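Start counting the sequence shown at 66; every next residue gets the next number (our numbering). Using N, Cα and C, we set each Cβ at its ideal position, and we do this for glycine too. Quick caveat, the model's predicted, so the values are computed rather than measured.
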Amino acid sequence: MTCSSFLGRFFPDERAATVEDVNYDKLVNLGIKAVIFDLDNTIAKWGDDSLAEEIIELFERLTSRGLKVGILSNSRRETIEDFIIDLPFPHLFNANKPSLKGFRSMLAELNVSPEEAAMIGDQLFTDVLGANRLDMYTIRVEPIDPEREYRFTKVNRIGEKVLLFLREVYRSLCRLK
Ligand SMILES: [Mg+2]
Numbered sequence: 066m067t068c069s070s071f072l073g074r075f076f077p078d079e080r081a082a083t084v085e086d087v088n089y090d091k092l093v094n095l096g097i098k099a100v101i102f103d104l105d106n107t108i109a110k111w112g113d114d115s116l117a118e119e120i121i122e123l124f125e126r127l128t129s130r131g132l133k134v135g136i137l138s139n140s141r142r143e144t145i146e147d148f149i150i151d152l153p154f155p156h157l158f159n160a161n162k163p164s165l166k167g168f169r170s171m172l173a174e175l176n177v178s179p180e181e182a183a184m185i186g187d188q189l190f191t192d193v194l195g196a197n198r199l200d201m202y203t204i205r206v207e208p209i210d211p212e213r214e215y216r217f218t219k220v221n222r223i224g225e226k227v228l229l230f231l232r233e234v235y236r237s238l239c240r241l242k
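Take a look at the structure:
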């Protein structure tokens, strides 16, 4: 196992501040045919009951240029699902990321291979890890509202900080070899 692959599964192929800042032209040029979005803190604030108009417009722009769009969430909140269910974008809630099952279901629904799909999300331990395990392209965005998060997500954030620290230690050790 090389130095880069040891912790590499936890880290995204690229980072962006928000979903609006992602370079979708680049994704198309990489052969990406579908973009799968996390929900909480990626395209909605935690506790929101609907998606912002700007997000729906973004999804419409992406689909009008031939990209498929899906939503893959660990959420179980029925209020926002009731809103999303009326939109023309496939969604899967209670996905249990980083488990591969939900990713595979969404890829099947979008009819693309993992290599043809990009996952965009705010969490390394769920969105990025799960998608990397399938060799999807991964983009990590900053959480929209880090003050409002599910309790378990707050634990994950501490884990992310530990992981970043470990990576620095590991890189230093690799340089020493
Ligand atoms: Mg999230």
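Say whether chain B places a C-beta atom closer than 7 Å to the C-beta of residue i.
i: N88; result: Judged by its chain identifiers, the structure shown contains no chain B, having just a single protein chain.
Nearest CA to the CA of residue i: which residue from the options?
i: L199; options: A182, N159, L241 and D187; result: A182
i: A109; options: I223, L189 and I185; result: I185
i: G224; options: P179, N197, Q188 and K162; result: Q188
i: L152; options: N161, I121 and N176; result: I121
i: P244; options: W111, R232 and N221; result: The requested residue 244 is not part of the displayed model; the chain covers only 66 to 242.
i: F190; options: D86, L123, D103 and V84; result: D103
May I have the straight-line CA-CA distance separating residue i from residue j, to the nearest angstrom?
i: L229; j: F168; result: 25 Å
i: S140; j: L165; result: 16 Å
i: R126; j: D90; result: 12 Å
i: S170; j: V227; result: 31 Å
i: I149; j: D105; result: 13 Å
i: P179; j: R80; result: 19 Å
i: L95; j: P77; result: 15 Å
i: F158; j: T203; result: 19 Å
i: R205; j: L72; result: 15 Å
i: R10; j: E207; result: Outside the shown range of the chain (66 to 242) lies residue 10, about which nothing can therefore be said.
i: R240; j: D210; result: 36 Å
i: M66; j: F75; result: Residue confidence is low: M66 scores 44 on pLDDT, short of 50, so the model does not pin down where it sits. Its coordinate-derived value is still stated next. For M66 and F75, the distance between alpha carbons rounds to 15 Å.
i: E174; j: E119; result: 24 Å
*Whose CB is closer than 6 Å to a heavy atom of ligand 1? List the residues in chain order.*
D103, D105, N106, T107, G186, D187 and Q188
*asked:* With three or more beta-carbon pairs closer than 8 Å as the criterion, would you say the region 138-152 touches the region 101-121?
replied: yes
*Indicate whether the contact test is met: 3 or more Cβ pairs, each with one atom in the region 126-141 and one in the region 97-111, closer than 8 Å.*
yes
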